[in-house]
Amino acid sequence: MRPKRKRTRDVINEDDPEPEPEDEETRKAREKERRRRLKRGAEEEEEIDAEELERLKAELDEKRQTIATVKCKPWKMEKKIEVLKEAKKFVSENEGALGKGKGKRWFAFKMMMAKKWAKFLRDFENFKAACVPWENKIKAIESQFGSSVASYFLFLRWMYGVNMVLFILTFSLIMLPEYLWGLPYGSLPRKTVPRAEEASAANFGVLYDFNGLAQYSVLFYGYYDNKRTIGWMNFRLPLSYFLVGIMCIGYSFLVVLKAMTKNIGDDGGGDDNTFNFSWKVFTSWDYLIGNPETADNKFNSITMNFKEAIIEERAAQVEENIHLIRFLRFLANFFVFLTLGGSGYLIFWAVKRSQEFAQQDPDTLGWWEKNEMNMVMSLLGMFCPTLFDLFAELEDYHPLIALKWLLGRIFALLLGNLYVFILALMDEINNKIEEEKLVKANITLWEANMIKAYNASLAGNTTGPPFFVHPADVPRGPCWETMVGQEFVRLTVSDVLTTYVTILIGDFLRACFVRFCNYCWCWDLEYGYPSYTEFDISGNVLALIFNQGMIWMGSFFAPSLPGINILRLHTSMYFQCWAVMCCNVPEARVFKASRSNNFYLGMLLLILFLSTMPVLYMIVSLPPSFDCGPFSGKNRMFEVIGETLEHDFPSWMAKILRQLSNPGLVIAVVLVMAYVLSLLIERAFVMFFLLLLSFSVFNSLFLPRACAVT
Numbered sequence: 007m008r009p010k011r012k013r014t015r016d017v018i019n020e021d022d023p024e025p026e027p028e029d030e031e032t033r034k035a036r037e038k039e040r041r042r043r044l045k046r047g048a049e050e051e052e053e054i055d056a057e058e059l060e061r062l063k064a065e066l067d068e069k070r071q072t073i074a075t076v077k078c079k080p081w082k083m084e085k086k087i088e089v090l091k092e093a094k095k096f097v098s099e100n101e102g103a104l105g106k107g108k109g110k111r112w113f114a115f116k117m118m119m120a121k122k123w124a125k126f127l128r129d130f131e132n133f134k135a136a137c138v139p140w141e142n143k144i145k146a147i148e149s150q151f152g153s154s155v156a157s158y159f160l161f162l163r164w165m166y167g168v169n170m171v172l173f174i175l176t177f178s179l180i181m182l183p184e185y186l187w188g189l190p191y192g193s194l195p196r197k198t199v200p201r202a203e204e205a206s207a208a209n210f211g212v213l214y215d216f217n218g219l220a221q222y223s224v225l226f227y228g229y230y231d232n233k234r235t236i237g238w239m240n241f242r243l244p245l246s247y248f249l250v251g252i253m254c255i256g257y258s259f260l261v262v263l264k265a266m267t268k269n270i271g272d273d274g275g276g277d278d279n280t281f282n283f284s285w286k287v288f289t290s291w292d293y294l295i296g297n298p299e300t301a302d303n304k305f306n307s308i309t310m311n312f313k314e315a316i317i318e319e320r321a322a323q324v325e326e327n328i329h330l331i332r333f334l335r336f337l338a339n340f341f342v343f344l345t346l347g348g349s350g351y352l353i354f355w356a357v358k359r360s361q362e363f364a365q366q367d368p369d370t371l372g373w374w375e376k377n378e379m380n381m382v383m384s385l386l387g388m389f390c391p392t393l394f395d396l397f398a399e400l401e402d403y404h405p406l407i408a409l410k411w412l413l414g415r416i417f418a419l420l421l422g423n424l425y426v427f428i429l430a431l432m433d434e435i436n437n438k439i440e441e442e443k444l445v446k447a448n449i450t451l452w453e454a455n456m457i458k459a460y461n462a463s464l465a466g467n468t469t470g471p472p473f474f475v476h477p478a479d480v481p482r483g484p485c486w487e488t489m490v491g492q493e494f495v496r497l498t499v500s501d502v503l504t505t506y507v508t509i510l511i512g513d514f515l516r517a518c519f520v521r522f523c524n525y526c527w528c529w530d531l532e533y534g535y536p537s538y539t540e541f542d543i544s545g546n547v548l549a550l551i552f553n554q555g556m557i558w559m560g561s562f563f564a565p566s567l568p569g570i571n572i573l574r575l576h577t578s579m580y581f582q583c584w585a586v587m588c589c590n591v592p593e594a595r596v597f598k599a600s601r602s603n604n605f606y607l608g609m610l611l612l613i614l615f616l617s618t619m620p621v622l623y624m625i626v627s628l629p630p631s632f633d634c635g636p637f638s639g640k641n642r643m644f645e646v647i648g649e650t651l652e653h654d655f656p657s658w659m660a661k662i663l664r665q666l667s668n669p670g671l672v673i674a675v676v677l678v679m680a681y682v683l684s685l686l687i688e689r690a691f692v693m694f695f696l697l698l699l700s701f702s703v704f705n706s707l708f709l710p711r712a713c714a715v716t
């Protein structure tokens, strides 16, 4: 082995001969000796000459380059791992030597802390990913069925987060203050079960129908007191109730629009009509698929898409019997309109029958009479989409166009049923308001007769003790707000039960029958009829959107509704994940969910807009009940704002708000905001405009009246 050169500080002569190249053993020995000196840290050997420093820098750069590019090398995995370990070891042992003198220890310490900080950040990101609810379940479904089925569960998890925020708002600012600081149960007629209902108030059938003790609790609107402040904190419960209701609507709009704009930003854009075949070749595959059966289905789906695209190009030049096609499509749409009209009539008829049953003795009614209206809506939502699918066979559309028509018809069915239900409820509300007038007059006569009878019982001019009437014996009005909240809660619960029973019967029992009877059957049950069921993505998403619309519409009259929906979404995640993995098979036509998220969010935004309009109408136009709820004693619910301005704010602030609520100024601000948003997000302009227009109408109707109270 060649001896090492003597370390010197003299300048190297350029005429000196170039040193001979070192062999492998010499280089390793010199490197080992230098590592030993660095570890020993002797004072006399602490400095490194310029030539060795330059060589060390070059070697470090080379090793770092090796670490960055080793996975691209055409080597075996064992060699890659060995080279990577050696490079990392060399870098970790020699990075500190790049400092000068004693500074190399500080440099080594900084490098060590930088690595530990990078590792901490990486572990923290892994921890955050592990804290995401149901991430592993969704990843397993994504690997088994592809991203299209997983998109439904991602959407369900997102809806769970939205409802969690709504529940926190209603629970912390409405339900909890009333429970802690409000008057207890039995102190007021609105907080007490009537004497005639006390015997059956705790029965399971009564509680399941959300009557009895459930009706006279913090679950519903009518239980809350109309005192301006409650508790030692002087908490303004009526104001909080009103503002939380408006805040939930505003938050829902903002979170949906934010999700839509995020998806628009993530979208690659471009014209979908250019280079169609090239896009299909390079972007059709779903790389998240990890199941062989799903991969085969995806391969067949891509092949079928190419065949359909080629057939479409050829079909453009083929003459068809256009008159027959038009007749069949007209016939299919005629049947669709008959189905929509019939479903609307059935719901209206069921609501009318429920109003008649409400006037009868509950003990004389059976289970069907008590739940007829809820069951009719659930059964219509179950069977009408199947009829629409049959009608689509007559139209002979392209499968993608047929799917869009099917989604639109199901959405129209659900929305129409919801609005027919609302119109029938409006008739019932008007009847309750008329009934309240009679009850209010009767209560006045009842109080006068009670005072007269009490005075007659006293002898002469004597003064007796004040008489006491138990709250359970006081006559009371029908409280139409609680009635509306009860209807939406019942509808939500019945829809959940119907969905779960459908999964158990239509998916689980069917899968058991196919699995265990296939060996002794005349034909192959797995590939023939009935076979295993496929997960209906569009139907489940539309059902989820429809249920969320009911939550938005009924949460103002039933503060507990977001909490009930949280339980529904929580159980649905586990129940449907189990059903998908246990009972369903991958779809024959597997597609990616790249462009479906905004489509679902667009429908959610539309149902949000249409669901909040009836609520805003009730807040602005209908008088609240006189003996229940936080707004009793007022002509309109929004008068609580004027009452707060009058008692808690100076008079000049009311004048400023009155000027700001001028409809002309509101419309001008809305137009400017719409113009700015159209410049920022052109593709979401219509949705933003609908949002701003709705709030402008609400402000022009609500704020002037609220300020006029002051």
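Residue numbers for the sequence shown follow this note's numbering, beginning at 7 and rising by one.
Here a beta-carbon is modelled for each residue, glycine too, at the ideal position from N, C-alpha and C.
How many whole angstroms separate the CB atoms of F494 and G560, which I take to be in contact at a CB cut-off of 8 Å? Indeed they touch by this definition, with Cβ atoms about 3 Å apart.
Label P298 either buried or exposed according to how many other C-beta atoms from any shown protein chain fall within 10 Å of its C-beta, with 16 as the threshold for buried. So P298 counts as exposed.
Counting only runs that start and end within the segment 607 to 670, where is the alpha helix (DSSP H) found for 4 or more residues in a row? The alpha helix (DSSP H) runs lying completely inside the segment 607 to 670 and spanning 4 residues or more are 645 to 654 and 657 to 666, given in chain order.
Is the beta carbon of D195 less than 8 Å from the beta carbon of L243? Here the sequence assigns Pro to residue 195, which means Asp is not the residue at that position. In this structure, P195 sits away from L243, with a CB-CB distance that is not shorter than 8 Å.
Who pairs with E204 in a beta bridge, going by DSSP? Looking at the DSSP output, E204 shares a beta bridge with no other residue.
Check F562 in the structure and name its three-state DSSP category. In this structure, F562 counts as coil in the three-state DSSP scheme.
Just mark N209 as buried or exposed, buried being the case when its beta carbon has 16 or more other beta carbons within 10 Å. Exposed, by the Cβ-count rule.
In angstroms, rounded to a whole number, what distance separates the CA positions of W584 and K143? Whole-angstrom Cα-Cα distance: 9 Å.
Continuous beta strand (DSSP E) assignments of at least 3 residues falling wholly in the segment 563 to 588: The qualifying runs do not exist here; there are none.
Give the secondary structure of N217 by DSSP, where H, G and I count as helix, E and B as strand, and everything else as coil. Here N217 carries a coil assignment [DSSP, helix/strand/coil].
Per DSSP, what are the beta-bridge partners of T539 in this structure? The partner list for T539 (beta bridge, DSSP) reads N590.
How should K438 be labelled, buried or exposed, when 16 other C-beta atoms within 10 angstroms of its C-beta is the threshold for buried? With 16 or more Cβ atoms within 10 Å of its Cβ, K438 is classed as buried.
Just the Cα atoms here: how many angstroms apart are P568 and L172? Cα to Cα, the separation comes out at about 6 Å.
K197 classed as buried or exposed, judged by whether at least 16 other C-beta atoms fall within 10 angstroms: Under this definition K197 is a buried residue.
Residues near E60 by beta carbon distance below 7 Å, same chain, minus five either side: Cβ neighbours of E60 beyond the five flanking positions: none.
What would DSSP say about F226, mapped onto helix, strand or coil? Residue state, collapsed to three classes: coil.
So T498 and N553 are in contact, right, with Cβ under 8 Å, and what is the actual spacing, rounded? In this structure T498 touches N553 by the C-beta definition: roughly 7 Å separates them, less than 8 Å.
Check whether the Cβ atoms of L66 and V89 lie closer than 8 Å to each other. If you check the CB distance, L66 and V89 do not come in under 8 Å.
Are the CB atoms of T539 and N590 within a distance shorter than 8 Å? Taking 8 Å as the Cβ cut-off, N590 and T539 qualify as a contacting pair.
Distance, Cα to Cα, E53 vs C78? Residue confidence is low: E53 scores 49 on pLDDT, short of 50, so the model does not pin down where it sits. Its coordinate-derived value is still stated next. Between E53 and C78, the alpha-carbon positions lie close to 37 Å from each other.
Given 8 Å, three or more beta-carbon pairs between the segment 220 to 237 and the segment 473 to 490: Touching, yes, given that three or more Cβ pairs across the two stretches are closer than 8 Å.
Leaving aside the five residues before and after G296 along the sequence, list all residues of the same chain whose C-beta is less than 6 Å from its C-beta, in chain order. So the list reads S149, once near-sequence residues are dropped.
In DSSP terms, what F241 is bridged to: DSSP links F241 through a beta bridge to I236.
Run through DSSP, which three-state label would I416 get? Helix, per DSSP.
Under 8 Å by Cβ, that's how I've got I543 and L610 pegged, so tell me the actual separation to the nearest angstrom. No, I543 and L610 are not in contact; Cβ-Cβ is about 15 Å, not under 8 Å.
Can at least three beta-carbon pairs, one atom from the segment 604 to 619 and one from the segment 253 to 269, be found at a separation below 8 Å? These segments touch.
How long is the line joining the alpha carbons of F363 and Y533, rounded to whole angstroms? For F363 and Y533, the distance between alpha carbons rounds to 48 Å.
Among F397, L189, I147 and D402, which residue has its Cα nearest to the Cα of I416? Checked all of F397, L189, I147 and D402; the closest Cα to I416 is F397.
Where D402 falls: helix, strand or coil (DSSP): Coil at D402, not helix or strand.
Residue span of the alpha helix (DSSP H) that contains V164, given as start and end: Residue identity differs from the one stated: residue 164 is Trp in this sequence, not Val. Note, W164: alpha helix (DSSP H), S153 to T176.
Helix, strand or coil for R521 per DSSP? Note: R521 maps to helix in three-state DSSP.
The alpha helix (DSSP H) with W527 in it runs from where to where? First-last for W527: undefined, no H or E at that position.
Whole-angstrom Cβ separation of L616 and L421, contact assumed at under 8 Å? L421 and L616 do touch by the CB rule: their CB atoms are close to 7 Å apart, below 8 Å.
Considering only residues of the same chain and omitting the five flanking positions on each side of F492, which have a CB-CB separation below 6 Å? Sequence check: residue 492 is Gln here, not Phe. Around Q492: F216.
Check whether the Cβ of A156 sits closer than 7 Å to any heavy atom of the ligand HEM, and report yes or no. The ligand HEM is absent from the structure shown, which contains no ligands of any kind.
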